[in-house]
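Engineer: Before I ask anything, let me first share the structure, which is written out below as structure tokens.
Residue numbers (the working numbering), protein chains in the order written: chain A, 1 to 396; chain B, 397 to 576; chain C, 577 to 677.
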């Protein structure tokens with residue numbers, strides 16, 4: 001009985017507290033590293049005054065946010081205006097519940113999986129929860145009662161719906177090979193060695209998934225919802241003080257969770273050359289957690305790297321890219337994976353090669369059609385723009 | 397009182413409150429948000445019934461896609477600025493409530509009597525159901541059924557979606573030729 | 577012992593009734609449309625509950641078909657609402673009463 005309570009109540013609570021605090025510390029670390037890395041990339045210093053290497057800068061920023069006046073403008077819709085930041089932050093925080101952040105730790109004959117909840121529809125849960133993040137943006141935008149905010153919210157909702165399709169379709173190939181929706185099983189099925197990971201088997205799907213992830217987290221080059229040059233600050237123009245900070249935190253939390261999901265789905269989770277099985281029952285768990293942590297960190301660096309390297313897309317480019325390139329590539333990936341799986345009896349090498357070749361062919365065909373289309377089209381006519389664009393044009 | 401009882405009453409109450417808010421809020425945005433709350437509570441009920449996959453799809457499809465479309469349209473048309481005209485006077489509203497209660501009583505009566513008349517309510521099915529509830533339907537079972545016994549309806553569904561896609565494009569497409 | 581089917585059926589019936597009432601008393605096309613979704617969801621709840629009571633997975637499959645049809649219906653319906661609004665500047669169904677555009 002005592003062991004039951006320990007296993008069912010105390011250990012999960014410890015795990016939840018650990019992960020929740022890790023997320024918040026991760027957000028602070030991300031804010032610091034984003035500014036330092038961008039400084040490094042632009043050949044300047046970045047914040048380096050508060051604490052060693054400017055490490056305490058996020059804390060100073062947090063204190064500043066806390067002590068700022070929390071003002072609510074007169075023209076906003078008050079209940080929704082207050083609710084919106086929470087609606088963005090909560091999905092970001094609860095999505096992490098199903099991400100496995102390591103193998104298992106065995107203490108006193110109790111095997112503890114390093115994951116808050118291993119539910120059998122894990123990846124669907126992630127998709128469901130991330131799709132809710134859009135409400136915070138849309139409601140915040142609408143409640144602000146400001147036309148720039150509203151435009152940002154409209155852009156964001158159209159963008160989210162478009163890229164969610166890619167997000168969902170890109171993982172189907174992965175699910176076919178692992179035969180399970182549980183993130184833990186998917187990570188274990190991939191095996192210990194890097195060449196067995198889905199990163200190589202589903203390379204086009206990996207690229208599509210990552211791109212869609214950038215779009216879902218509203219990161220550059222897809223941050224049209226808060227494009228400074230066009231929309232002031234988009235959906236959070238009217239927000240200040242801690243409410244703005246919550247929007248900010250939610251964005252970084254989404255990035256961290258997204259990186260964790262990508263690492264689990266495509267980069268083998270906590271596996272690395274069998275290193276995670278070294279050491280005793282306790283140490284192997286800690287090592288596996290460290291491996292997962294480092295992989296997620298590297299992927300987060302990619303997030304920052306892309307942000308300071310690529311310019312922002314235009315709205316029609318964003319829609320065209322999503323519907324005309326990413327969607328066909330992921331759909332072909334499903335067909336090719338399924339066919340080759342049957343034909344070659346599940347040879348992962350052939351599936352990997354087939355996916356790459358098919359993606360090249362699809363991109364070439366789409367690019368060819370688009371090139372032909374622009375050549376034959378007279379100036380000022382755009383008959384082929386994607387449907388969501390029509391919707392946005394209607395308000396102008 | 398088992399855990400299922402408690403959770404059922406919580407989710408049921410939330411979904412009913414949400415549903416009533418949908419029809420009583422003046423502004424469409426608030427109605428849409430209440431509907432999202434209802435859908436969530438229903439997803440909770442699906443989990444309670446052991447239908448985990450359905451619950452996830454409910455959140456993805458309804459809360460994640462359909463309601464975003466609703467919000468998109470409400471914001472696009474900026475309906476908040478329209479004068480909210482109500483065709484109903486106070487008297488008609490009370491009549492509506494009376495008839496609503498009557499309708500509810502009727503639907504409940506039909507449902508319960510149908511349940512008692514057919515094999516659903518019989519003891520043997522109850523035992524089978526208890527055994528069934530233990531193992532719960534997995535995604536695997538659903539996929540298997542969907543691609544064998546119900547393959548034709550599944551394909552017809554895809555045709556419906558295709559038809560809807562084409563229909564929407566035709567409906568909202570701006571006719572360049574006639575306007576220019 | 578699992579909760580009886582009748583609880584779920586009563587809840588489903590209540591939700592359905594609220595949906596019907598919404599369609600009858602509200603004149604805003606978008607809210608009427610949401611109420612239709614509410615009715616479909618009430619039916620879905622009954623499907624899943626009966627699926628468990630019968631011990632068959634079929635009920636859950638029908639929920640998928642309902643959801644697919646609902647998605648198609650929402651897309652078409654909202655497109656119609658948008659084009660009606662462009663034409664008439666209103667979505668009050670009492671004011672959209674002439675067949676001729």
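C-beta: ideal position from N, C-alpha, C; glycine also.
Hey, is residue 142 (chain A)'s beta-carbon within less than 7 Å of any beta-carbon in chain B?
Structural biologist: In the first chain, residue 142 (chain A) corresponds to position 142, counting from 1. Interface residue, yes.
Engineer: Assuming residue 424 (chain B) and residue 470 (chain B) make a contact with CB atoms under 8 Å, what is their CB distance in whole Å?
Structural biologist: Start at 1 with the first residue of the second chain, and residue 424 (chain B) comes out as number 28. Start at 1 with the first residue of the second chain, and residue 470 (chain B) comes out as number 74. Residue 424 (chain B) to residue 470 (chain B), Cβ: 5 Å. Contact.
Engineer: How would you label residue 147 (chain A), buried or exposed, when you count the other beta carbons within 10 angstroms and need 16 or more for buried?
Structural biologist: In the first chain, residue 147 (chain A) corresponds to position 147, counting from 1. Its Cβ having fewer than 16 others within 10 Å, residue 147 (chain A) is exposed.
Engineer: Using three-state DSSP, classify residue 671 (chain C) as helix, strand or coil.
Structural biologist: Indexing the third chain from 1 puts residue 671 (chain C) at position 95. Residue state, collapsed to three classes: coil.
Engineer: Consider the Cβ of residue 449 (chain B): report whether some Cβ of chain D lies at a distance smaller than 7 Å.
Structural biologist: No chain D appears in this structure, whose protein chains are A, B and C.
Engineer: Within this structure, are the beta carbons of residue 362 (chain A) and residue 332 (chain A) separated by less than 7 Å?
Structural biologist: Taking the first residue of the first chain as position 1, residue 362 (chain A) is located at position 362. Taking the first residue of the first chain as position 1, residue 332 (chain A) is located at position 332. Yes, the Cβ-Cβ distance between residue 362 (chain A) and residue 332 (chain A) is below 7 Å.
Engineer: When the distance is taken between beta carbons, is residue 190 (chain A) closer than 7 Å to residue 268 (chain A)?
Structural biologist: In the first chain, residue 268 (chain A) corresponds to position 268, counting from 1. In the first chain, residue 190 (chain A) corresponds to position 190, counting from 1. In this structure, residue 190 (chain A) lies closer than 7 Å to residue 268 (chain A) by Cβ.
Engineer: Under 8 Å: do the stretch 306-324 of chain A and the stretch 213-222 of chain A share three or more Cβ pairs, one atom per stretch?
Structural biologist: These segments touch.
Engineer: Name, in chain order, the residues that DSSP records as bridge partners for residue 104 (chain A).
Structural biologist: Walking along the first chain from the start, residue 104 (chain A) turns up at place 104. Residue 104 (chain A) is bridged to A:113.
Engineer: If we define contact as Cβ-Cβ less than 7 Å, is residue 468 (chain B) a contact residue for chain A?
Structural biologist: If you number the second chain from 1, residue 468 (chain B) lands on position 72. Taking Cβ atoms only, chain A reaches closer than 7 Å to residue 468 (chain B), which makes this a yes.
Engineer: In chain order, what residues of the same chain have a beta carbon less than 8 Å from the beta carbon of residue 278 (chain A), not counting five sequence neighbours either side?
Structural biologist: Position 278 of the first chain, counted from the start, is the residue given in the question as residue 278 (chain A). Contacts found: 284 and 287.
Engineer: Could you give the uninterrupted runs of the alpha helix (DSSP H) lying entirely in the stretch 408-475 of chain B, keeping only those of 4 residues or more?
Structural biologist: Here the runs fully enclosed are 424-444, 448-454 and 463-473.
Engineer: Have a look at B:472, B:450, B:505 and B:534 and flag the residue whose alpha-carbon is nearest the alpha-carbon of residue 644 (chain C).
Structural biologist: Taking the first residue of the third chain as 1, we reach residue 644 (chain C) at position 68. Considering only alpha carbons, the answer is B:450.
Engineer: What is the rounded straight-line gap between the Cα of residue 457 (chain A) and the Cα of residue 115 (chain A)?
Structural biologist: Outside the modelled stretch of chain A, which goes from 1 to 396, sits residue 457 (chain A), for which no answer is possible.
Engineer: Within 10 angstroms of the Cβ of residue 42 (chain A), are there 16 or more other Cβ atoms? Answer buried if so, exposed if not.
Structural biologist: Reading the first chain from its first residue, position 42 is the one you call residue 42 (chain A). It is exposed - the Cβ of residue 42 (chain A) has fewer than 16 other Cβ atoms within 10 Å.
Engineer: How should residue 589 (chain C) be labelled, buried or exposed, when 16 other C-beta atoms within 10 angstroms of its C-beta is the threshold for buried?
Structural biologist: Sequence index remark: in the third chain, residue 589 (chain C) carries index 13 (1-based). It counts as buried.
Engineer: Of all the CB atoms in chain C, is at least one closer than 7 Å to the CB of residue 409 (chain B)?
Structural biologist: On the second chain, residue 409 (chain B) is found 13 positions in, with the first residue counted as 1. No, because no Cβ of chain C sits closer than 7 Å to the Cβ of residue 409 (chain B).
Engineer: Considering only the beta carbon of each residue, do residue 596 (chain C) and residue 504 (chain B) sit closer than 7 Å?
Structural biologist: Within the third chain, residue 596 (chain C) is the residue found at index 20, counting from 1. Within the second chain, residue 504 (chain B) is the residue found at index 108, counting from 1. The answer is no: Cβ separation not under 7 Å.
Engineer: For residue 466 (chain B) versus residue 428 (chain B), is the C-beta spacing smaller than 7 Å?
Structural biologist: The residue you call residue 466 (chain B) lines up with position 70 of the second chain. The residue you call residue 428 (chain B) lines up with position 32 of the second chain. Cβ distance < 7 Å, so residue 466 (chain B) and residue 428 (chain B) count as in contact.
Engineer: Using a Cβ cut-off of 7 Å, pull out every chain C residue sitting near residue 563 (chain B), in sequence order please.
Structural biologist: Sequence index remark: in the second chain, residue 563 (chain B) carries index 167 (1-based). 652, listed in chain order.
Engineer: For the stretch 233-250 of chain A, enumerate the residues whose C-beta is nearer than 7 Å to any C-beta of chain B, in chain order.
Structural biologist: The residues in question: there are none.
Engineer: If I'm right that residue 581 (chain C) touches residue 511 (chain B) with Cβ under 8 Å, what's the distance once you round it to whole angstroms?
Structural biologist: Translated into the one-based positions of the third chain, residue 581 (chain C) becomes position 5. Translated into the one-based positions of the second chain, residue 511 (chain B) becomes position 115. With 8 Å as the limit, residue 581 (chain C) and residue 511 (chain B) qualify as a contact, their Cβ atoms being about 6 Å apart.
Engineer: Is residue 604 (chain C) helix, strand or coil when you go by DSSP?
Structural biologist: Here residue 604 (chain C) refers to the residue found at position 28 when the third chain is read from its first residue. Reduced to three states, the DSSP call for residue 604 (chain C) is strand.
Engineer: For the stretch 585-650 of chain C, which segments carrying the alpha helix (DSSP H) assignment without a break, of at least 4 residues, lie completely within its bounds, in sequence order?
Structural biologist: The qualifying runs are 605-630.
Engineer: Please classify residue 283 (chain A): does DSSP put it in a helix, a strand, or coil?
Structural biologist: Taking the first chain and counting its residues from 1, one reaches residue 283 (chain A) at position 283. Residue state, collapsed to three classes: helix.
Engineer: By the criterion of Cβ-Cβ separation under 8 Å, what are the contact partners of residue 673 (chain C) in chain B?
Structural biologist: Position 97 of the third chain holds residue 673 (chain C). In chain order: nothing, as chain B lies at least about 12 Å away.
Engineer: At the level of alpha carbons, what is the spacing between residue 59 (chain A) and residue 91 (chain A)?
Structural biologist: Residue numbering aside, residue 59 (chain A) sits at position 59 when the first chain is read from its first letter. Residue numbering aside, residue 91 (chain A) sits at position 91 when the first chain is read from its first letter. Straight-line Cα distance between these residues: approximately 24 Å.
Engineer: Whole angstroms are fine: how far does the CA of residue 509 (chain B) sit from the CA of residue 88 (chain A)?
Structural biologist: As a position in the first chain, residue 88 (chain A) is number 88, starting the count at 1. As a position in the second chain, residue 509 (chain B) is number 113, starting the count at 1. Their backbone Cα atoms lie some 45 Å apart in a straight line.
Engineer: Does the beta-carbon of residue 536 (chain B) have 16 or more other beta-carbons within 10 angstroms, so that it is buried, or is it exposed?
Structural biologist: Working through the second chain from its first residue, we reach residue 536 (chain B) at position 140. By the neighbour-count rule (16 or more Cβ atoms within 10 Å), residue 536 (chain B) is not buried but exposed.
Engineer: Quick one: what does DSSP say residue 78 (chain A) is sitting in, helix, strand or coil?
Structural biologist: Indexing the first chain from 1 puts residue 78 (chain A) at position 78. In this structure, residue 78 (chain A) counts as helix in the three-state DSSP scheme.
Engineer: Is residue 204 (chain A) helix, strand or coil when you go by DSSP?
Structural biologist: Here residue 204 (chain A) is taken as the residue at index 204 of the first chain, counted from 1. Of the three classes helix, strand and coil, the one that applies to residue 204 (chain A) here is helix, per DSSP.
Engineer: Less than 7 Å between CB atoms is the rule here; does residue 464 (chain B) satisfy it with respect to chain A?
Structural biologist: Locating residue 464 (chain B) in the second chain gives position 68, where the first residue counts as 1. Yes, residue 464 (chain B) lies at the interface with chain A (some Cβ there is under 7 Å from its Cβ).
Engineer: According to the Cβ coordinates, are residue 98 (chain A) and residue 133 (chain A) closer than 7 Å?
Structural biologist: Numbered from 1 along the first chain, position 98 holds the residue referred to as residue 98 (chain A). Numbered from 1 along the first chain, position 133 holds the residue referred to as residue 133 (chain A). No, the pair does not count as a contact, with Cβ atoms beyond the cut-off.
Engineer: Answer yes or no: does any C-beta atom of chain A fall closer than 7 Å to that of residue 437 (chain B)?
Structural biologist: Numbered from its first residue, the second chain carries residue 437 (chain B) at position 41. Cβ-Cβ to chain A under 7 Å: no for residue 437 (chain B).
Engineer: By how many angstroms is the C-alpha of residue 107 (chain A) removed from the C-alpha of residue 162 (chain A)?
Structural biologist: In the first chain, counting from the first residue as 1, residue 162 (chain A) sits at position 162. In the first chain, counting from the first residue as 1, residue 107 (chain A) sits at position 107. Each residue's Cα considered, the two are about 46 Å apart.
Engineer: Which residue's Cα is closest to the Cα of residue 563 (chain B): C:666, C:649, C:661 and C:618?
Structural biologist: Within the second chain, the letter at position 167 stands for residue 563 (chain B). That would be C:649, whose Cα lies nearest to the Cα of residue 563 (chain B).
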